[in-house]
Structures are given as structure tokens and as C-alpha cells.
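Enquirer: Taken in sequence, the protein lines are chains P and Y. In terms of this note's numbering, the first sequence opens at residue 44 and continues consecutively. In terms of this note's numbering, the second sequence opens at residue 44 and continues consecutively.
Protein chains: 2
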Amino acid sequence: MLEGILQVYPLPTREVDSPYADIELPSTGSHDSSLPYVIINMVTSVDGRVTETGKASGLGSTLDRRTMRTLRSKADAVMIGAGTLRAERLSLALDDSGLPQPLAVIVTETGEMPLESNLASYGQQTVLVIAPIQAAEQLRQRASVLAVQTSPSGAMDLGEALRSLKATYGVNGLLVEGGPSLNHSLISQNLADELFLTISPKLLGGLKSEALTMLEGNLLPAETRPAPDLLSVYLAGSELFLRYSLF
Amino acid sequence: MLEGILQVYPLPTREVDSPYADIELPSTGSHDSSLPYVIINMVTSVDGRVTETGKASGLGSTLDRRTMRTLRSKADAVMIGAGTLRAERLSLALDDSGLPQPLAVIVTETGEMPLESNLASYGQQTVLVIAPIQAAEQLRQRASVLAVQTSPSGAMDLGEALRSLKATYGVNGLLVEGGPSLNHSLISQNLADELFLTISPKLLGGLKSEALTMLEGNLLPAETRPAPDLLSVYLAGSELFLRYSLF
Chain P
44 MLEGILQVYP LPTREVDSPY ADIELPSTGS HDSSLPYVII NMVTSVDGRV
94 TETGKASGLG STLDRRTMRT LRSKADAVMI GAGTLRAERL SLALDDSGLP
144 QPLAVIVTET GEMPLESNLA SYGQQTVLVI APIQAAEQLR QRASVLAVQT
194 SPSGAMDLGE ALRSLKATYG VNGLLVEGGP SLNHSLISQN LADELFLTIS
244 PKLLGGLKSE ALTMLEGNLL PAETRPAPDL LSVYLAGSEL FLRYSLF
Chain Y
44 MLEGILQVYP LPTREVDSPY ADIELPSTGS HDSSLPYVII NMVTSVDGRV
94 TETGKASGLG STLDRRTMRT LRSKADAVMI GAGTLRAERL SLALDDSGLP
144 QPLAVIVTET GEMPLESNLA SYGQQTVLVI APIQAAEQLR QRASVLAVQT
194 SPSGAMDLGE ALRSLKATYG VNGLLVEGGP SLNHSLISQN LADELFLTIS
244 PKLLGGLKSE ALTMLEGNLL PAETRPAPDL LSVYLAGSEL FLRYSLF
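1. Mind checking if arginine 268 of chain P is an interface residue toward chain Y, Cβ cutoff 8 Å exclusive?
2. Quick one: what does DSSP say methionine 111 of chain Y is sitting in, helix, strand or coil?
3. Residues in its own chain within less than 6 Å of serine 288 of chain Y by CB, not counting five upstream and five downstream?
4. Verify the CB distance criterion: does valine 81 of chain Y have a CB-CB separation below 8 Å to chain P?
5. Kindly list, in the order they appear in chain Y, the residues whose Cβ is closer than 8 Å to that of histidine 227 of chain P.
6. Within 10 Å of its beta-carbon, does aspartate 119 of chain Y have 16 or more other beta-carbons around it, so buried, or fewer, so exposed?
7. Please report the Cβ distance between aspartate 107 of chain P and threonine 241 of chain P, rounded to the nearest whole angstrom; I am assuming they are in contact, meaning their Cβ atoms lie under 8 Å.
8. Specify the secondary structure class of glutamate 95 of chain Y as computed by DSSP and reduced to three states.
9. Hey, leucine 208 of chain P and proline 79 of chain P: beta-carbon distance below 8 Å or not?
10. Check whether chain Y comes within 8 Å of aspartate 107 of chain P, counting only Cβ atoms and requiring the distance to be less than that.
11. How do the region 85-95 of chain Y and the region 58-69 of chain Y stand: do at least 3 beta-carbon pairs fall below 8 Å, yes or no?
12. Once DSSP output is grouped into helix, strand and coil, what is the label at glutamate 237 of chain Y?
13. So the candidates are Y/Val188, Y/Glu46, Y/Glu58 and Y/Thr96; which of them puts its Cα closest to the Cα of proline 264 of chain P?
14. Terminal residues of the continuous alpha helix (DSSP H) containing glycine 202 of chain P?
15. Beta-carbon within less than 6 Å of alanine 125 of chain Y's beta-carbon, same chain only, minus the 5 sequence neighbours each way: which residues are those?
16. Which chain P residues sit within Cβ distance under 8 Å of isoleucine 230 of chain Y?
17. So, with DSSP's three-state summary, where would you put glycine 260 of chain Y?
18. Buried or exposed, going by whether 16 or more other CB atoms sit within 10 Å of the CB of glutamine 181 of chain P?
19. CB aspartate 138 of chain P to CB arginine 112 of chain P, shorter than 8 Å?
20. My output table needs one value for glutamate 58 of chain P: the three-state DSSP class, helix, strand or coil.
21. Comparing C-alpha positions only, which one of Y/Gly221, Y/Gly213 and Y/Ala130 sits nearest to asparagine 161 of chain Y?
22. Taking only the alpha-carbon atoms, compute the straight-line gap between glutamine 177 of chain Y and leucine 250 of chain Y and give it to the nearest angstrom.
23. Within 10 angstroms of its Cβ, does methionine 44 of chain Y collect 16 or more other Cβ (buried), or is it exposed?
24. So, do the region 163-172 of chain P and the region 186-195 of chain P have three or more beta carbon pairs nearer to each other than 8 Å?
25. Under a CB-based cut-off of 8 Å, is tyrosine 287 of chain Y close to chain P?
26. Here's the rule: buried if 16 or more other CB atoms are within 10 angstroms of the residue's CB, otherwise exposed. What is leucine 142 of chain P?
27. Taking the DSSP output, what are the residues bridged to arginine 286 of chain P?
28. So, under 8 Å CB-CB, methionine 122 of chain Y and leucine 218 of chain Y are touching, yes? Tell me the CB distance rounded to an integer number of Å.
29. So with Cβ pairs under 8 Å, would you call phenylalanine 284 of chain Y a contact of chain P?
30. Taking only beta-carbon atoms, is lysine 251 of chain P less than 8 Å away from chain Y?
31. My parser needs the alpha helix (DSSP H) runs of 4 or more residues fully inside the region 158-193 of chain Y; what are they?
32. Pick helix, strand or coil for alanine 291 of chain Y, following the three-state DSSP scheme.
33. Can you say whether proline 62 of chain Y is buried or exposed, counting buried as having 16 or more other CB atoms within 10 angstroms of its CB?
34. Taking Cβ positions only, does serine 281 of chain Y come closer than 8 Å to chain P?
35. So threonine 277 of chain P and leucine 278 of chain Y are in contact, right, with Cβ under 8 Å, and what is the actual spacing, rounded?
36. Which of the three DSSP states is assigned to isoleucine 66 of chain P in this structure?
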């Protein structure tokens, strides 16, 4: 078993205190300057599962949770889907309450969202909810709301939402922490610039009807889906930290 | 983009011609000397899918397929589940027909198995079918058959089958190439010693009802599931070759 944390790629190999501590985000210009630079951070088991008994917490190590906070410290806003918030109580803030906190952004298609009970950082950081126009009004007493158009099929225009995040809320760097449906929406619309993926040394199993992977949604067409380009590999014990560019 | 193939872990980093070309299998003694040393080799996308439109072929690169053959050359037998054979036409042999060929082992619970049409190496290598006693008789005209007991729920006793593979057929090193149900059966019964996992730089998506991951079956209980220990990491372009010990 390896001691310490190693950057094994790119070369030369070096010991580090923490993955990603010294990276700059956005690392390159966004492919579309009207959009924030969007990075997705997820932890999966070796068999590609992102939840254990329905919850993401507990899958990664202490180091993975520290790495998540390192990435948060480099973002103007941290975004999750409302399903992730419904699944468990979580914080979208930095641990050090003395630091400037990122904007917490929750995306909901229905407005069903246990903000007060499940967002542990409610009250400590500004919360913005992205919701369809028809669900927006009822949410305004609980948080700032960014109301967006929906397509005839009910899907929100996330591109429009991201452009507003940048233009109105000054979000240049956006960190997305799942869940799988939100990841899929962003990736299928080519709105995500990078993927930070921790592979936790676990084999979870689970019937396919109940086990979530990182992306939940239709098969991505081969012609338009992103081609991940591996940027770096860190290793701590048997846990792997991978960073891919999606453009 | 990286040129060539690098072993980035364990250190020191070095260029290689092919992952795993110089490893010895079994790398350690089996944890149970009555069993063959069992390695599983799979390729997944970054989002943990093992099939694209129902088929595993096409997911990995040319190098991945070459690596699969390297591992086959180190095994006495290559095993797949019948579902994998039903999904597509494939070979379980080495490309070089002048070399000694591994025993091809197909595991079936039902006996439904398109051997003649889908096993491209049928006739070039000895084929052994592992089947429940009640399905064995009808298969004997088409291949050698190893008949095994089933539990009251209909599950085959794979431990018994593996012991017979070693004792009767001289299989000391067994390579398993999926599918997800067979992998799950072996891992959930703690019959697999190592996992060789290629992560292809693709994001596939897919609804959870139709997308397979490496393990298909019940959630593995935290108390008894294996704790993967990362043994090595190779890198070729954006494709990763991971090797885990499961004991």
C-alpha cells in the first residue's frame, strides 16, 4: 500500500499534499465565452456506482471529501440537482466559514426541495434555485430564484440558465456535484468543460434497476458525445483521482 | 496527448510495449489451493458502462484488445457467461493459432447457447460448458460438459465448478471476461483473486434500466465484499489500465 499522495501523471511523478491544490480554474477559456467554465466532480466505485444505499456520502475517503472542498474553493458557485439534496443532508459550503463562500445553486424541475432540512449550509451561503417558470413563484420566499424556459417536453434550458448565472450572478467557474441526471443534462448538451472523477476502491454491485452510475439519461449519440481527454492522475493508497477535459 | 504506453504505478515510471506483458500469473498463491487463480478482465467507459448498444466489443481500443490477448496467453482457460456469447459473435482463442490455446469455458444456467454460430473459435479450441445437472445432458453432443449442483433458488455452485476445473481439467489460472452477472456471482462468492480493468475514455450514458455496469446482481454487503487493492496503473493516451487485487 502506497503512503502519501502521488501525482503519477503528467510526469514527472511527484508527491503532493492534496490533489488539485495548485490548479487554476478555469484552466482554459470556456469553449463559449457566454457560459461559465463548468467542471463536474464525482466519486464512483470501481464498478461505476455513485451511490451506496441511495446516498453518495461515504463512498469516498476523507481525502476525497477534502479534494471536493479544494475544488469548491476554486469555484464561484457549487451546483447540485434537487434529487441529490432530497437523498441526504449535505453542505455546499467550505468548511472554513471565514472564507468567501461559493454561491449554492440547486436545480429543480418540480420545485420539490427540502432546502431548510437538508441543506446544512442554508443561512451560511447565498442559495439560488434554478427552476422552470411555472415552479419559480412558490420558491421565492425561500431562496433567490432563476426562472428558465422549458421545452415542450418539460426539459429546462440549462444553457440559458448557465448564461444567466454568468451574466447576472458573475459565476465564471461553476462546480457541479451531481446527481447523475443533472450530469447527463449538462454533458448531453455539451455544457461541461471538465470531469474530476475519484475512483474509490470499492465494489458495490446492485441490480441495474436500482444502481446509479455517473450519468442517468439516454444513451449519448456517438457523433455528439464528448471525447474525454485525460489530464492528470493522482493516487492515494488504492484511491484514484482522475481529471478529464471534455472539450 | 501522451505517446506510447507508460506504467505510471508502481514507480519508477517506465515505457512498456504492452500492459501486463511481463507479469506472471498466478501472481500469488490462490487464497484457497483447491481453486484456480481467478482473474477478471473488463473494459468500461468512464461512466462505468460495459456495453455500447448491448455489445462489449468496440468499447476498448486496439491496445485493449491486444491486452486481453496478453492475459489470455497467461491463462489455462478463458471463461464467459452464456449471455455474453448470446450478445455477439466472439472468439476466446489467441490470435496466433500456432500457440497452445486456452480451454474455452462457457457458463450457462439454462443451456441456451449459440456455440456454433457465435463462438468464432469453435473447432479451434476445446470448449467446456458449465451447466446445471438438469441442463447438462442436452449439451453433451456439442461440447464437453461439467454438470454442477444448483441451490434451491436455482443458482449454480460456482465454487464446486471451479474446484472441478482445477482438479479434473488442470486449470490453475482462469481468466474471466464477463458478463456482469458472472462477474457478480464470482465476486459475491469471493472466488475472484484479481480484477484487470480498462477505462476507455468514453462517456456513454444510457438509462439505468438498459445500461450494464461491470457487476449485475444484488448489492454486495459491506461486511463481506472484497476491498480492491490497486496493484498497477498503465496509461496509453487517455485509456487507463488498472489492476486490483481482491484479496
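All residues carry an ideal CB built from backbone N, CA and C; glycine is no exception.
Expert: Inspection of the coordinates gives the following:
1. yes
2. helix
3. Glu237, Asp272 and Leu274
4. no
5. Gly248
6. buried
7. 5 Å
8. strand
9. yes
10. no
11. no
12. strand
13. Y/Thr96
14. 201-212
15. Ile149, Thr151 and Met156
16. Leu246 and Gly248
17. strand
18. exposed
19. yes
20. strand
21. Y/Ala130
22. 36 Å
23. In this prediction, methionine 44 of chain Y scores a pLDDT of 49, lower than 50, which makes its location untrustworthy; the coordinate-derived value is nonetheless stated afterwards. Exposed, by the Cβ-count rule.
24. yes
25. yes
26. exposed
27. P/Phe239 and P/Ser275
28. 7 Å
29. no
30. yes
31. 158-161 and 176-179
32. Nothing about residue 291 of chain Y can be reported from this structure: the residues present for chain Y run from 44 to 290 only.
33. buried
34. yes
35. Residue 277 of chain P is actually tyrosine in this sequence, not threonine. Actually they do not touch by this definition, with Cβ atoms about 13 Å apart.
36. coil
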